[in-house]
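Q: FYI, this note's numbering numbers position 843 of the sequence shown as 847, with every residue one higher than the one before it. What follows is a single structure, and I will ask about it in a moment.
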Amino acid sequence: MIMMSLMELGDCGFNPVEGVEALWAKSGDETGWLSLPQHMLDAACVAGQVWDVWLADSVRALIAEKTGLTEREARALVAWLAGVHDVGKATTQFQCLIEPSAEHAHIVEGVRAAGFPLAQGLKEKKLRHELASEVILGAWLEERGVERKRASALAQIPGAHHGVATDPRLLGEAKALVARHAEPWRAAHGELICRVVEATGITREALLRVRRLHAPIQQVLTGLVVMADWIASNSQAFPMAVSGSQEERTRRGMDAVALTAPWRPRSPGALTTDDLVDAYYRASFGWPEGYQARPVQREMMRVLDEAEGPGLFIVEAPTGEGKTETALAAAQILAARTGAQGVVFAAPTMATANGLFERVLEWAQGASPTEVTSMYLGHSKSGLSEAYCNIGEDVGGEHGAVVATQWLRGNRRGVLSNFVVCTVDQVLMLALQAKYSMLRHVGLAGKIIVVDEVHAYDAYMSSYLGKALEWLRHYGASVILMSATLPVQQKAALVRAYGGTGELRSEGAYPLLTVVDKHGVREYPVAARPTEIHAQVALLADEDLIPLLTDGGCALVVCNTIRRAQETYAALDDRYPGEVELHHAAFMASDRARKEDALRAALGPRARRGEGRPERRIVVATQVVEQSLDIDADVLITDIAPMDLLIQRVGRLHRHVRPEEDRPRRWRQPQVFIRGVVEREPVPRFERGTEAIYDPALLLATMAVLERGVLSEGLRRPDDIAPLVHATYDPEAKAPEAWREAWDAARAHSAEARKRSEHRAGLYQVPGVHAAARFHSLFRRYHRGEARKGEEAGVAQVRDADPSIEVIPIMGVEYGYRPLGYEGAEIVEGATPEGPLGLRLARNTLRLPARLTRYERDFERVIDQLERETPVGWRKSHLLKGQVALVLDENREVDLAGTRLRYSEELGLEQVRNEEA
């Protein structure tokens, strides 16, 4: 493309300086419309402020390093890229978009009157403005001497500002369409770009020195461009009516958006003695005077003293060692050392994230006493969390505060907050091919990342975690992984993903800290707590469960499936009426929260027998008790499961120190009973539901370890945790001779299943850092039309689960419906529930059993019925829009696509069998 001289332009009667003012960027509101040069200037100024006010020191340094510029030049480059992102709107196709609208016809006439020809042939050709921006900028850079590949890599950044890098196959036609524009358009392109050059201070010499950019740094730079565009496009912050100087307009706009500055924690200095370490923890968490840190917490401080630069820190320790506080204390030191601007704390489930939120909030308030920092609860139900919704938005006070500003609460923007408590999906999606993934990359690149319960992630999720670790290491982000138990093969894979090489040698050590940094891989064994319990372990037939519990006490019965839990509950409740309760994931969220709160109060650390702790209580539960519930059982009865999960369940047995008289005489010696082993000889066979959800090779390996000594010698906590897990996951383990055929078949099946799982995961992942030379490689599935849209779809793609549907159960009545469990006035059909009633409905969610929607045909039948029966008024509710209702009759039953379901507060959602219907 050849830019015309001003003399030639004068000959054709076009003045680009005046002409570009007629071009529109935002068609506007009742106050008017916004010109293209003004929006481009707004975006450039915002990007400069994002760099100055929000961006982490570590990311500034990263951008300077990868571009080959000074930080000052890198700032100018970012502002320039943001400013020129919409130059492609100076095209016939874009300017004529509003031509059919009578209220906007005058804007288009103004464009024509300014001397821009609106050729009919061009109007009819589709040309996305971001693609036009990429073509125009690439040509402009080449004309100024920037080598073609470098120019292309720079131009791709504005080209991706709508969330997806350009498909290279589209460039040929786009170049041809841009080239067909008459001289005034070409002159306008040069004028608009040069205005941004002048506003940002970018120099030709700096542009010539920019290295050829690869996909990772393009992601970060595009994330900043998208941030700037979104802020500059916010009409509340940058109104259509322009007044005052550009400096004043930018300041008012940034004040309205209220981005918070990077968190700048103070370093505690050298923690050279246990007393100094203890004092640091007391100050960080408000512990009372004299309170001492635990061995893992102290050792982490020593590890950090030896570590250099960003790193990966893996904490393996049993429940009760204070891993959460260990991670937060370490995050503060790492942030001060590496220039990170905040912390992400990722948990496996919404329930665990909600439980962590207030703990992290309290810590963040203490860690930022003089700063205003922002916080975000990152999952799809965050708007229903009272703790999160109660955080203020005021950033203008004189003292420090933790806030949740309106702009940072928005879709895709929450990860840009200083402190993020979220489900692990938010971290795993760093490795996902996803629209606007660049916002996640720029948000996480500048933070300390903490991931909890790493042992809970299967091969599919671990594949995403490994890929995310590779990218985080490239960005210079430190990561802390926490786990109660972690098989050495899984840990080795995570270490390799972060760039660690060398063998892991401390298989038997527990607790254990593992570090990967510039010096390599190192392991730090930690002094273990004295033996807490030595539990007897025995197998138990299902028919022996009821008589086992005649002596009272608080028993925990863990089942592997909801159906088995419901059946077990019914049998026990028949024998011990009023003394049995049920916990699983098929209760409405509100019922589940109420039941879990009551359970924590009855079996938590503060309850004593006669003072809240019952004489007899039988708790039947599924895997929901493996993670977030701090409860103490006198006896544990559990279905067989992989060893690491069994150990998690054993963590609820005699969990709290309590007087001897708090427990019945029979259960003062800890005892574990394992159900679900249908046959023991010649080869173990397991209950059908268990075999359906757990790897058969792991079940056999667990059974082999139990047979080798645990059933005869018992289990010591925490002494036996690491040896038992390592023995179960040992790839060289030998099977008993009688099991050999079944063992080999199970292992072959397991290896094939893992291979398939990792292959499925890889279909949706971005390439590895070193394989991602080209920006478009991060979006190939979008270019092929295969990627699923939206945040919920992203969450589904990073978890290997059958598709399931979330519903809100309601009770149908004559003229409308009621929320389940609500005895107030009915909601008339067509009305829009708002306020407390809308919130009550939104909190009453549950997920349908996956078996109802496992196959696509069934999924479509179920969703069609649910959508037909959902009240139309929900479409207008910000709380209920997009949700579907499960409409129950007066018996709380419904026929859903041929399956009869029933809901009760006692059993939750259950399938009604034919003989009951």
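Every residue gets a Cβ at the ideal spot worked out from N, C-alpha and C, and that includes glycine.
Going by the beta-carbon positions, is the gap between V499 and V483 smaller than 8 Å?
A: Not in contact: V499 and V483 (Cβ atoms no closer than 8 Å).
Q: Nearest-angstrom Cα distance between Q250 and A236?
A: Approximately 12 Å between the Cα atoms of the pair.
Q: Tell me whether G149 sits in a helix, a strand or coil according to DSSP, three-state version.
A: It is coil, neither helix nor strand.
Q: Give the straight-line distance between the Cα atoms of L131 and E762, rounded to the nearest whole angstrom.
A: If you take the alpha carbons of L131 and E762, they lie about 38 Å apart.
Q: For L543, which residues of its own chain have a beta-carbon under 6 Å away from its beta-carbon, when the five flanking residues on both sides are left out?
A: Here the set comprises I678, V681.
Q: Suppose contacts are defined by Cβ-Cβ distances below 8 Å. Is V687 in contact with W743 by that definition?
A: Cβ distance < 8 Å, so V687 and W743 count as in contact.
Q: My guess is that L517 and V307 are in contact by the Cβ rule of under 8 Å, so how many angstroms apart are they, rounded?
A: Indeed, because the Cβ distance is near 5 Å, the residues count as touching under 8 Å.
Q: Taking Cβ positions, are D456 and P352 nearer each other than 8 Å?
A: The answer is yes: Cβ separation under 8 Å.
Q: Assuming E571 and H587 are in contact, meaning their beta carbons sit under 8 Å apart, how far apart are those beta carbons, in whole angstroms?
A: Incorrect: roughly 15 Å between the Cβ atoms, too far for contact.
Q: Kindly list the residues whose CB is nearer than 6 Å to the CB of L648, restricted to its own chain and excluding five residues on each side of it in sequence; keep chain order.
A: Position check: residue 648 holds Asp in this sequence, whereas Leu was assumed. Only H459, T489, V729 meet the Cβ criterion.
Q: Can at least three beta-carbon pairs, one atom from the region 131-145 and one from the region 82-92, be found at a separation below 8 Å?
A: Enough Cβ pairs lie closer than 8 Å, so yes.
Q: Pull up the distance between the alpha-carbon of V424 and that of V364, whole angstroms please.
A: V424 and V364: Cα-Cα distance of roughly 9 Å.
Q: Would you check if the distance between the CB atom of M244 and the CB atom of G32 is smaller than 8 Å?
A: For M244 and G32, yes; Cβs fall inside 8 Å.
Q: Buried or exposed, going by whether 16 or more other CB atoms sit within 10 Å of the CB of G886?
A: Per the 10 Å Cβ criterion, exposed.
Q: Hey, V419 and G382: beta-carbon distance below 8 Å or not?
A: Yes. Within cutoff.
Q: Run through the DSSP bridge pairs and tell me what T427 is partnered with.
A: The partner list for T427 (beta bridge, DSSP) reads A351.
Q: For the structure I just gave you, are there three or more beta carbon pairs, one from the region 221-232 and one from the region 160-180, closer than 8 Å?
A: With a cut-off of 8 Å, the region 160-180 and the region 221-232 count as touching, because enough Cβ pairs lie within range.
Q: Of all the beta strand (DSSP E) runs that stay within the bounds of the region 298-379, which reach a length of 3 or more residues?
A: Listed in chain order, the complete beta strand (DSSP E) runs (minimum 3 residues) inside the region 298-379 are 316-320, 346-351.
Q: Contact between the region 465-481 and the region 495-513 is defined here as three or more beta-carbon pairs at a separation below 8 Å; is this criterion met?
A: Result yes; three or more Cβ-Cβ pairs closer than 8 Å.
Q: How about L211 and L126: are their beta carbons less than 8 Å apart?
A: It is not a contact, given that the beta carbons lie outside the stated cut-off.
Q: How many whole angstroms separate the CB atoms of C558 and D634, which I take to be in contact at a CB cut-off of 8 Å?
A: Actually they are not in contact, since the Cβ atoms of C558 and D634 sit about 14 Å apart, beyond 8 Å.
Q: Leaving out the 5 sequence neighbours to the left and right, which residues in its chain are closer than 7 Å to A463 when beta-carbon positions are compared?
A: These residues qualify, in order along the chain: R758, S761, E762.
Q: What does the alpha-carbon distance come out to for the pair L85 and M354?
A: One C-alpha to the other measures close to 38 Å.
Q: Tell me whether I651 sits in a helix, a strand or coil according to DSSP, three-state version.
A: Looking at I651 - three-state DSSP - the assignment turns out to be helix.
Q: Closest to M707 by CA distance: which of V541, C426, H780 is it?
A: Out of V541, C426, H780, V541 has the C-alpha closest to the C-alpha of M707.
Q: Can you give me the Cβ contacts of E69 inside the same chain, cut-off strictly under 6 Å, excluding the 5 residues immediately before and after it?
A: Taken in chain order, the list of residues that qualify is empty.
Q: Between the region 601-618 and the region 659-673, do at least 3 Cβ pairs fall closer than 8 Å?
A: Result yes; three or more Cβ-Cβ pairs closer than 8 Å.
Q: Please classify L280 as buried or exposed, where buried requires at least 16 other C-beta atoms within 10 Å of its C-beta.
A: Classification of L280: exposed, given that the 10 Å Cβ count is below 16.
Q: Would you please state the rounded distance, in angstroms, between the beta carbons of D548 and R670? I believe it to be under 8 Å.
A: Between R670 and D548 the Cβ distance is about 15 Å, and since that is not below 8 Å, they are no contact.
Q: Mind reading off the beta-carbon distance from W267 to S421? Whole number of angstroms is fine, and I expect it under 8 Å.
A: W267 to S421, Cβ: 10 Å. No contact.
Q: Cα-Cα, which of V891, Q494, V520 is closest to G506?
A: Out of V891, Q494, V520, V520 has the C-alpha closest to the C-alpha of G506.
Q: I'd like to know if the region 826-842 and the region 875-886 are in contact, where contact means that at least 3 CB-CB pairs between them fall below 8 Å.
A: Output reads yes: the region 875-886 touches the region 826-842.
Q: If you measure between the beta carbons of W55 and R79, is that distance less than 8 Å?
A: In contact: W55 and R79 (Cβ atoms closer than 8 Å).
Q: When the Cβ atoms of the region 308-324 are set against those of the region 283-296, are three or more pairs found closer than 8 Å?
A: No, the region 308-324 is not in contact with the region 283-296.
Q: Taking the C-alpha atoms as reference points, what is the distance between R847 and D61?
A: Going by the C-alpha atoms only, they are around 40 Å apart.
Q: Would the beta-carbon of P646 fall within 8 Å of that of Y698?
A: Yes, the pair counts as a contact, with Cβ atoms nearer than the cut-off.
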